[in-house]
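**Q** In this note's numbering, the protein residues as written are 741 to 947. Beta carbons are placed, not taken as given, at the ideal position from N, Cα and C, and that holds for glycine.
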Ligand code: GTP
Ligand code: MG
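1) Leaving aside the five residues before and after residue 840 along the sequence, list all residues of the same chain whose C-beta is less than 6 Å from its C-beta, in chain order.
2) In terms of residues, what are the limits of the beta strand (DSSP E) holding residue 767?
3) Please list the segments of the beta strand (DSSP E) lying wholly inside the segment 865 to 889, counting only runs of 3 or more residues, in order along the chain.
4) Looking at the secondary structure, which residues open and close the alpha helix (DSSP H) in which residue 852 lies?
5) Could you tell me the alpha carbon to alpha carbon distance between residue 805 and residue 749, rounded to whole angstroms?
6) If you compare alpha carbons, which of 829, 767 and 825 is closest to residue 802?
7) Quick one: Cα of residue 924 to Cα of residue 831, how far?
8) Taking just the CA atoms, how far does residue 912 sit from residue 775?
9) If you follow the beta strand (DSSP E) that residue 914 is part of, which residue opens it and which one closes it?
10) For the alpha helix (DSSP H) containing residue 939, name the first residue and the last one.
11) Beta carbon of residue 919: closer than 8 Å to some heavy atom of the ligand MG?
12) Please confirm if the segment 878 to 893 is in contact with the segment 848 to 856, defined as three or more CB-CB distances below 8 Å between the two stretches.
13) Mind checking who residue 814 pairs with in its DSSP beta bridge?
14) Is residue 872 near the ligand MG, going by C-beta to nearest heavy atom under 8 Å?
15) Going by DSSP, what residue range makes up the beta strand (DSSP E) through residue 749?
16) Cβ of residue 922 within 9 Å of Cβ of residue 883?
17) Within 10 angstroms of the Cβ of residue 815, are there 16 or more other Cβ atoms? Answer buried if so, exposed if not.
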């Protein structure tokens, strides 16, 4: 799929205030600093449509970006960021939880994990929670530029094995990406395009 337009629409902290249009949307979620906002910029060929930072905790709201005038990318705050206060953490958790439970337009969540790290309980628990709540998701491994090809394969295989050994009967769909090397873009956009086509064919109610 070619990206012909990508516009910021709104930021807010409540699912009730998100755009009302019945367009399919894809949310990026994962630990702070994993590269959610950077990946959105890479996908849409813009340097700073989504705000990024070397310091964790940059994205603090639900951010909607309208793509090709007919679907949304959603940038969310990271979970597991220790430096926000306990109260802020609770607020984040509440609206992120609500977003995933209530947002009918959400057709796929992308859970981002840093390819260098072993599977972390917070990510595994979040994926289980998505499963329990019936939210379809795929995994995106980020920062692949930091590892050599052999190490990438080992990390991915190990991650899938841990998922199979714990909660899952089948490996989830996954993508390997690097925003700095602009790697993984076509595969991700093709995946999104396929889901968009299915949604349009099914004429399913998104609202
Ligand atoms: P929060 O909004 O704080 O939750 O973080 P985020 O997940 O949106 O991460 P962000 O995109 O702001 O990136 C965090 C840091 O990781 C920045 O310093 C980025 O430059 C860096 N980064 C993101 N993607 C990549 C990548 O593919 N490779 C490398 N080497 N660095 C990356
Ligand atoms: Mg961010």
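**A** Taking the geometry as given:
1) 875
2) 765 to 770
3) 877 to 882
4) No alpha helix (DSSP H) holds residue 852; the beta strand (DSSP E) holding it covers 846 to 854.
5) 5 Å
6) 767
7) 33 Å
8) 20 Å
9) 914 to 916
10) 925 to 942
11) no
12) yes
13) 767 and 804
14) no
15) 746 to 752
16) no
17) buried
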